[in-house]
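Structure first, commentary second.
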Amino acid sequence: MPFPRARHIDVAEQAQLANSDYDALIIIGEQQALARHLLLREVWQQYQGHDARVGKQAVLKQHSDAPGSRLIIVPTGPLERDYDDVRRFADASATGIKLAVDAGASRVALEVLTDGAPAHFAHAAEAAYLGACQAIWQPLEARERFDENVIEPVEWIGMVGMSAAQCEWLNSVEAGRRLARDLCGTNPERMSAIRFAEYCQQAFNGTPVKVEIITPEDDLAKHYPMLFAVARASMAVERHRPRVVRLTYTPPKKPLQSLMFAGKGIVYDTGGADLKVNGHMAGMSRDKGGAAAVAGFMLTVAHLKPAQTEVIAELGLVRNSIGSDAFVPDEIIRSHAGVDVRIGNTDAEGRLVLGDLLSHLRQQAVQKDNVELFSVATLTGHAARAVGPYTALVANGPAHAQGKATRLAAVGDLWGDPSEISRSRREDYSFVAPRTLADDVISSNNAASAVTSRGHQFPMAFLAIASGLDKHGINSQVPLAYTHIDIAGSGVEGGDWQHGKPTASPIVSLAARYLKD
């Protein structure tokens, strides 16, 4: 999976950019910072009188001192208002790289000006590189259909003033984000559960991450009973059958921390017996975004090879089909943790998949020190309605007491991968409490989450109960910190689940929080 790699440009190389193998220079900054730049002073004087766009919007100018004679100037807009953040640089970089590509450039130098910017713009250059990569990514099917070098022509992005080590870290993160986009943003036949698993095998071939694929023949019905219930209607079509992918990174030294992830990989969601109607099924090939993001994060781990961080992930890959063997509301299914779950709505299938994955991870987590668990999912429309284009973090008692979500969100703000923090409350547990002695928990109500009070918070209570994690709260002998990450609002650009580009959130936040020295 080639992508535009970040390359280090030192001071000496910067002075010779016009005679280098780069063919365009993008300069990004706030208007006053641009005006102070030595190269741009002449441009300011030359164009100020007859081109009012300079300094106010992105422009491409011919300049002999720029590589390829292409100079692209992109203002960020204001940086000091209450609501300005580092995404100003990511957005400006996306604009600039598109101009460069349209002008025929393929080896772009990028200079990010942060002089005078507030302290929370410290990672503006990194955000700019990641923003450029996001902008020029093309879907896997397009790259397989056409010449990849034609539709994604940028070979590398030279980062002025960035160290070689910083560039390599960014390349590791972008490798993971690219895998996540490919897995998430691909049609349900090209990336069925079986082919998703195969793509993971290829991606991790030759890396220190071990890949295990669990199939129905390995008795998924016994070991992942809720997951298998979701998959039942898909079993009649061999190519639609489910998979669980287990990814394990064992560090070379004794682990000081262990991270464990469950990823929701609904490769297509019809809603099942509670069928999605009135056009709401379109885009549901992206309901695998959580598993895609977890796989992407694991690839970043594989590249960075942290010396004392163990990372384990389970991806539940299932097609929620409609058919004669579909599971239905009112069924009671015993989870892997031995919890009897009454089905409230078959379109709330992702939490069933995650519940079994988390139960398996829980069994290992109790044997480890300094362990954190996560679930990552495009779980609820309510998350998108409540927090818009942001990731929603919901922490259990131990995670909340230790400030896990707070720290993850704080790091995300600095790196342009922001989150909103939600709390798990007593009302959430009351909402999923059983109504009879026949069951232990209810999976959901039968209304859309977007119109349900606390629609993205109460599923966390279900996940804790169904997986057995509720037995590891702050009052237990073995408390386990667990954070649910709902990317229904942040997983694609503009909330357009049918056509928008996958964002690979929350890979950047996780990498900056747990894999940055």
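Those letters in the sequence shown? Residues 362 to 878, by the numbering used here. Glycine residues also receive a C-beta, built at the ideal position from the N, C-alpha and C atoms.
Integer Cβ distance of residue i from residue j, believed to fall under 8 Å
i: Leu588; j: Val679; result: 6 Å
i: Lys459; j: Ala496; result: 6 Å
i: Gly777; j: Val869; result: 7 Å
i: Thr752; j: Ser780; result: 4 Å
i: Arg431; j: Leu440; result: The Cβ separation is near 26 Å, so there is no contact.
i: Thr844; j: Ala709; result: Their Cβ separation, rounded to whole angstroms, is 20 Å, which puts Thr844 and Ala709 out of contact at 8 Å.
i: Glu544; j: Ala653; result: Position check: residue 544 holds Leu in this sequence, whereas Glu was assumed. At roughly 4 Å, the Cβ-Cβ gap stays under 8 Å, so Leu544 and Ala653 are in contact.
i: Gly773; j: Pro867; result: 7 Å
i: Asn886; j: Gln618; result: Given that the chain is displayed from residue 362 to residue 878, the structure contains no residue 886 and the question cannot be resolved.
i: Val515; j: Val598; result: Between Val598 and Val515 the Cβ distance is about 39 Å, and since that is not below 8 Å, they are no contact.
Segment limits, alpha helix (DSSP H) that includes residue i
i: Met659; result: 650-665
i: Ser828; result: 819-828
i: Trp776; result: 765-776
i: Arg787; result: 787-792
i: Tyr383; result: Run containing Tyr383: none; DSSP gives neither H nor E here.
i: Gly711; result: 711-726
i: Met587; result: 586-592
i: Val511; result: 509-512
i: Val435; result: Val435 -> not in any alpha helix (DSSP H); beta strand (DSSP E) instead, spanning 431-436.
i: Gln327; result: Only positions 362 to 878 of the chain appear in this structure, which leaves residue 327 out of reach.
i: Ala880; result: Not covered by the structure: residue 880. The range shown for the chain is 362 to 878.
i: Arg449; result: 448-463
i: Ile868; result: 868-875
i: Arg695; result: Unbroken run through Arg695 is the beta strand (DSSP E), 693-695; no alpha helix (DSSP H).
i: Ala503; result: 501-506
N-terminal and C-terminal residue of the beta strand (DSSP E) that residue i is part of
i: Leu734; result: 732-738
i: Lys571; result: 570-575
i: Ile370; result: 366-370
i: Glu671; result: 670-681
i: Ser533; result: Unbroken run through Ser533 is the alpha helix (DSSP H), 525-545; no beta strand (DSSP E).
i: Ala470; result: 468-473
i: Glu881; result: What is shown of the chain runs 362 to 878, which leaves residue 881 out entirely.
i: Phe482; result: Note, Phe482: premise wrong, no beta strand (DSSP E); not H, not E.
i: Tyr560; result: Counting along the chain, Tyr560 falls outside any beta strand (DSSP E), though it belongs to the alpha helix (DSSP H) covering 554-565.
i: Val521; result: 517-521
i: Val880; result: The structure shown does not extend to residue 880, since the chain is modelled only from 362 to 878, so the question has no answer here.
i: His845; result: 842-847
i: Ile627; result: 618-630
i: Val748; result: No beta strand (DSSP E) holds Val748; the alpha helix (DSSP H) holding it covers 742-748.
i: Arg703; result: 701-703
i: Leu421; result: 420-423
Short Cβ contact (7 Å threshold) for residue i with residue j
i: Gln669; j: Val755; result: no
i: Ser696; j: Val702; result: yes
i: Ala594; j: Ala478; result: no
i: Leu660; j: Leu540; result: yes
i: Thr609; j: Asn681; result: no
i: Ser828; j: Ala643; result: no
i: Gly711; j: Lys625; result: yes
i: Thr813; j: Asn807; result: no
i: Arg604; j: Ile627; result: no
i: Glu733; j: Ala554; result: no
i: Asp476; j: Ala394; result: yes
i: Glu559; j: Phe364; result: no
i: Thr568; j: Ala663; result: yes
i: Leu620; j: Val570; result: no
i: Pro436; j: Leu378; result: no
i: Asn510; j: Ala367; result: no
i: Pro577; j: Tyr629; result: no
i: Leu718; j: Gly677; result: yes
i: Glu529; j: Arg607; result: no
i: Gly633; j: Thr547; result: no
Proximity test, residue i beta-carbon vs the ligand PLP heavy atom, cut-off 6 Å
i: Ile846; result: Here there are no bound small molecules, and the ligand PLP is not part of this structure.
Any chain B beta carbon closer than 7 Å to residue i
i: Ala396; result: The structure shown contains no chain B, having only a single protein chain.
Checklist entry - Would you say the segment 441-449 touches the segment 397-406, given that touching needs at least three Cβ pairs under 8 Å? => result no
Checklist entry - Would you call the segment 468-478 and the segment 378-391 touching, i.e. three or more CB-CB distances under 8 Å? => result yes
Item to check | Segment contact flag, the segment 843-854 with the segment 740-747, C-beta cutoff 8 Å, min 3 pairs | outcome: yes
Next on the checklist: Between the segment 762-775 and the segment 851-863, can you find at least three pairs of beta-carbon atoms closer than 8 Å?
Outcome noted: no
Checklist entry - How do the segment 516-532 and the segment 483-492 stand: do at least 3 beta-carbon pairs fall below 8 Å, yes or no? => result yes
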